[in-house]
Structure formats: structure tokens, C-alpha cells
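Those letters in the sequence shown? Residues 2 to 598, per our numbering, in order.
We put the CB at the ideal spot given by N, CA and C, even for glycine.
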Amino acid sequence: MYSLPRPQRENARPPSRRDLGQLRRLLAYTRPYRWGLVVAGVASLISTAFNLLFPQVVGRLINASFLEANLARLDSLLLVLLGVFAGQAAFTGVQSYLVARTGEGVVADLRKALYAHLLTLSPRFFERNKTGDITSRLTSDIATVQAVVSSTLVQLFTQPLVLVSTLLILFLTNWKLTALILAVVPVVILAAIFLGRMIRRVSKEFQDRVAEANARAEETLSGIRVVQSFTAEGLEAKRYGELIGNSFRVALRRAVLGAVLNPIIFFAVFAALGLVLWYGGRLVALKEISPGQLFTFVLYTFNIAATVGTFTGIFTQIQSALGASSRIFELLDERPDLLEAPQPKPLERVQGWVRFQDVRFAYGERGEVLRGVSLEAKPGQVVAIVGPSGAGKSTLVALIPRFYDVSGGSISIDGLDVREVALRELRSHIGIVPQETLLFSGSIAENIGYGRPGASEAEIIAAARAANAHEFISAFPEGYRTLVGERGVRLSGGQRQRIAIARALLKDPRILILDEATSSLDSESEMLVQEALETLMQGRTTFVIAHRLSTVRRADVIVVLEDGRVVQQGTHEELLAAGGLYRDLYELQFIRATEEA
């Protein structure tokens, strides 16, 4: 199955300008929260100021204890130190809350934007791409970028100030000791850049592998009955295990890179600290600096180590986020292949006159499914479309609401080409009852009300009565509040179909499409559903697709498709009298029904 194109790997890494553009695009989602980030930045700066003050107070406290033996000064310095701790804790808490709020808000906005965009894409897109891969981008990929659009953004602003301020203080304290520290910083930065790029590549590959595993799991769980009926649990568990094994191996490679990067930083930082203690100890012995000054210098060294470590962490997070965001933006950049008319024409007071004129259609580069189909449905007519499997019946009716666009020819409603009408308005006049009814998790009332949001309880009940559904709904202890389960799994096939019919009745469309609406039902359910369908079809232009030809005998027009072409057209009696494919199909079904009886 075709899947979304993956971004280039690191060995063909796009230029950094593209990375910056992608990062700017990602950070654009922080604009609604910019004032919160500004306050968080100010709080972070104040917290940093307290952090820079802390080593100075500790140094004076050590000197007051060891050199001056001044107990009163020691007591006052303790109070100052507690005040520093309290101030730092308070402003760090403000910063943490505002940063977390921004991160959660951006993630929520990004998910909503991505989901809303996905809903605008045509069925053709979802046929090409696995649902599991799409949901992986909607969930885990977006979660990966959360840190970058929140805490990382504040740290990018504050950490350089911390580094510069600390180095300035150290230079003023003792430039020789500062030089020892600066010798280590380039080593850490180079290691972070080199290994960070590798981490980005591996993180992107890990996201791809997890998405593949999610896609397989989604596919398998949605078809669990098929899996279990073929006793393929072991096979599917093995396949999923292999995919998870692939992601695990990539995760191990990422762990190895992290295990290499972190010790390099650890060694470089503590080697610098050892040199500071060694050389600083000599300076204390020579009376050039006091013990308190050395301790202050050591604490500032830890500050620098923490800042450099934060920079490497930020770099790694950005690399991972760029890999994840590229997958997100691939979806956001996916353009709908059903183009809206620049100035759509209104479709008002629809009569239901539907005309196909020399319609051709092909799925991608495959051969044509429809080859010059022409037919006409007058307002209120029932048009049955029959033919062998693969003749193009379902494809033909899917073109009316523009789930796909014709490759050639045209389809019009009341004289207007469907491509000239706004999609939303076009589909508001069309109701569909498919063979496999999809109900959403929720109550029966919510599923019926899906046909017309805002419908009253009385209107929902009236639609259910007309669809022969009120009786079985009322038999449930919770009535219309009964939960149907995922995809309506708690209801029988006939019950799901009648709820779908009630949903279509509530929508009150002028054009109705019934795609094999009774083919998978038992005789009793089919009779009830057929009665409901007859109620639904009254006064509407209806297209009926059916394999059972006995269900379409009363249609006003029967169109016979074969190999994407109209080969016969007429009433049931006319087609039987004319002979040909329709009579062959009818007699074959009649013989089968007789044998089964």
C-alpha cells in the first residue's frame, strides 16, 4: 500500500535554511500564548538572577565561618540564603506553569488543526495511506514537538544570558581559572552538534517504525473477527512483534548515541571541574584567593556545566522535533484533490434531476472503471443499478456527492455541474445508506441525530419510527440513551441499518443512495429494513445498488452495467423481454434461490 513519502535521510540532509523555516513554522503556533511566554521568560530571568546570587552568598558564608569566625554575620547570611532559595523557587514555579500551559495549548491547537485538515481530504487519500500511520502523526509525533514549543523556547532565551553572565562573573573573579573552563566548552559543543544530527536521523527513523507498528495494530484490531476466524492470532502477533522489534533496534541505536554523548559531556565537565579544584587549591595555598572564593568559583562552574548540558539537551530536542514535525507538516501540506469552485453556484430548492453525461473514471493510473456512462434520473424516480461484481456500480454513485471527481464527462443536478457547487452544500442534499453501516461510539440518539445536528428528541423519535427502529430501541433499558459501542458492535446488522435509515430520514435529503443496503441481512431483518427504505425513498430521487435483483423489480429504471459501460436500460419487464445480461443474471439468481429452497 502506498504510504506518505518520508523525508530525506541524513545522508541526503536538506540545508539548514529549510530546518530553520520548519522551526519557524512550528514556533508560529506559540503566537496565541506569546504573552504567557514573555512572563515565563521574565520569571526565568529573575530565577536565574537568584541562581547567580547563590554562589556569592555561599562563598561569603564559608569565609564568615572559616576565616572570620563571625557568628552574627553567619546568621544573617543564612537568612539571605533562605531568601534566595525562596525567591528562586517562587519564580521557577511561575515559569514552569506558564511553560507547561503553552506546551499543552500548542499541542492541542496543532492536533485540532491537523485533524480538521484531515477531514477535508478526499477518500482517495485515505485509501492510499494507513490509518495507523496517520494517527501516529496525530498523537506521538505532535507530543514529540511539545518541549520545543514550550520549555525549549524559554531556555533558548535565558540560557545564553546565564552563560554570558556566569562567564563574566568568573572572569572578574579569576581569569586564569576561567580559561580552564573555556577550554572544555568547544569539545562539548562539537560533540553535541555531531552526535545531535545522528540522533535526529535515528529519532525520525524510530517514529517511522513506531508508525508502521501502529498501522499494523490498527488494521488487525479493526478486523479482529477475521483474524480470529482464520486462527491467525499467532501470525499477527509475530508480524507485530517483528515491527516492534525493528523499532526497538532503532531505539537501541538512539540509546547508544545518547550513551556516547552524555559521557563525553560528563567527562569534559568534570575534567574541567577537577582542573579548577587542582589549580584553585594551589591559589588558596598561595593566599591568592580565599576558600570562599574557590567554593564560589566551583559553584559557578557547576552553573556553566548545567548550562552547557542544557544546550546539548535543547539541540537534541530540536533535532528530534524537526524529524517529528516534518511528518506532521507532510500531512498539513497535503492538498485536497477535490478542488472547490472559486465562485460556487447555489443549489437551492433541489428537485433531484440527476444526469450523467459520457462519464469516465479511473483510480489513479489503473485502467478506467467507467467508460462513457450516460443516464438520467428524473425527480422522484428510483433508479436501480445492477451488474456483475466489478462493473463499476459503487464507483458510479460515489461520483454524485463528489467523493471522487470524474476523469471525463460530467454529472449535473438540476442542470448544475456538481463541480460548480460547494462541496458542503452539494452533500447536504444527498443521503447515503451503505451496505456496511458505520455507527459512532455514543448513544442511539446521538447516531440518529448525526443526520441533523440540533434535532429535537421528538424529531429523532419520529425518524426512528419511520425507519422501523423505535420498537427495538424502546426495548433497551436505556432506550435512546443506549450506547452502541465502537462501530455499533452492540447492535445487530438489521438494527444498525435501521438506525442508518433513521439518520438519513432525519437529514431529509432530496437525493438518496442505497448501496447494497440489505444484502447482508437475514430475511426477517431484510423485510423490516426494506419497509423502512420504502418510507425513506418516497418523494426522493433514489439510486439503488443491489445484487438481489428481486429487490429492484419495482424500480422506475434499471440500469445494467458491465465492464464500466451501460449495456441495458429499462424497466424490469422490458429488460426480461429484451433478453441479454439482465435476464441472464435474473435467471441465474432465480435458479440459485430455487435450489436453496
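Cutoff 8 Å; reference residue i; Cβ partners in own chain excluding five residues on either side
i: L440; result: N448, V485, R488, G489, L492, R497, I500 and A501
i: R554; result: H573
i: G581; result: V561, V568 and Q569
i: H118; result: L332, L333 and E335
Cβ-based neighbour list, residue i, same chain, cut-off 6 Å, excluding 5 preceding and 5 following
i: P264; result: none
i: V398; result: I514 and F544
i: S408; result: R361, F362 and A363
i: L164; result: T308
Secondary structure of residue i, DSSP reduced to three states
i: G409; result: strand
i: V374; result: strand
i: R10; result: Note that R10 scores 38 on pLDDT, short of 50, meaning its location in the model is unreliable and no value can be drawn from it.
i: L400; result: coil
i: A65; result: helix
i: E597; result: With a pLDDT of 49 at E597, under the threshold of 50, the modelled position of that residue is not reliable, and the figure given next carries that caveat. It is helical.
i: A385; result: strand
i: R497; result: helix
i: E369; result: strand
i: L484; result: strand
i: Q147; result: coil
i: I245; result: helix
i: I414; result: strand
i: R566; result: strand
i: L348; result: coil
i: A306; result: helix
i: E588; result: helix
i: P187; result: helix
Terminal residues of the alpha helix (DSSP H) in which residue i lies
i: V81; result: L72 to L119
i: F127; result: P124 to R129
i: G450; result: I445 to G450
i: Q466; result: Looking at the sequence shown, residue 466 is not Gln but Arg. E458 to A467 is the span of the alpha helix (DSSP H), which, as asked, contains R466.
i: I576; result: The question names Ile, but residue 576 is Leu in the sequence shown. Counting along the chain, the alpha helix (DSSP H) containing L576 begins and ends at H573 to A579.
i: L439; result: Counting along the chain, L439 falls outside any alpha helix (DSSP H), and DSSP gives it neither H nor E.
i: S475; result: H471 to A476
i: L178; result: W176 to L183
Proximity winner among the options, relative to residue i (alpha-carbon distances)
i: P389; options: K205, L236, R549 and A180; result: R549
i: A470; options: A456, P454, R504 and E437; result: R504
i: V40; options: V165, A101, Q23 and L53; result: A101
i: E575; options: L424, A556, L332 and G410; result: A556
i: G22; options: I319, E369 and A579; result: I319
i: T49; options: L274, Y301, F316 and E237; result: Y301
i: D415; options: A216, E349, L529 and E105; result: E349
i: I245; options: L339, A214 and M528; result: A214
i: I433; options: S248, P510, P380 and P345; result: P510
i: A218; options: S413, T153, L274 and R240; result: R240
i: F195; options: M538, I461, L183 and I266; result: I266
i: L400; options: A385, L371 and E220; result: L371
C-beta contact flag for residue i and residue j at 8 Å
i: S326; j: V155; result: no
i: D516; j: I546; result: yes
i: A378; j: V355; result: yes
i: T536; j: G353; result: no
i: V149; j: V203; result: no
i: S137; j: A212; result: yes
i: Q160; j: T311; result: yes
i: F127; j: E335; result: no
i: N304; j: N52; result: yes
i: I315; j: I431; result: no
i: G450; j: L506; result: no
i: Q358; j: G393; result: no
i: F296; j: V277; result: no
i: V188; j: L27; result: no
i: F404; j: S123; result: yes
i: L262; j: L24; result: no
i: R428; j: P454; result: no
i: Y34; j: G106; result: yes
i: E369; j: L424; result: no
Spatial neighbours of residue i in its chain, beta-carbon cut-off 7 Å, leaving aside the 5 residues before and after
i: L75; result: L62, A65 and S66
i: D142; result: Q208, A325, R328 and I329
i: Q382; result: T542, D557 and V558
i: A456; result: G450 and L507
i: A464; result: I449, A503, L506 and L507
Residue i - containing beta strand (DSSP E), residue span
i: F357; result: V355 to A363
i: L513; result: I512 to D516
i: T600; result: Past the edges of the chain, shown from 2 to 598, lies residue 600, and the structure says nothing about it.
i: L562; result: V558 to E563
i: I433; result: I431 to V434
heavy atom of the ligand ATP below 7 Å from residue i C-beta
i: S375; result: Annotation note on the ligand ATP: not contained in the displayed structure, which lists no ligands.
C-beta neighbour in chain D for residue i, strict 8 Å
i: R356; result: Although the question refers to chain D, the structure presented lacks it and comprises just one protein chain.
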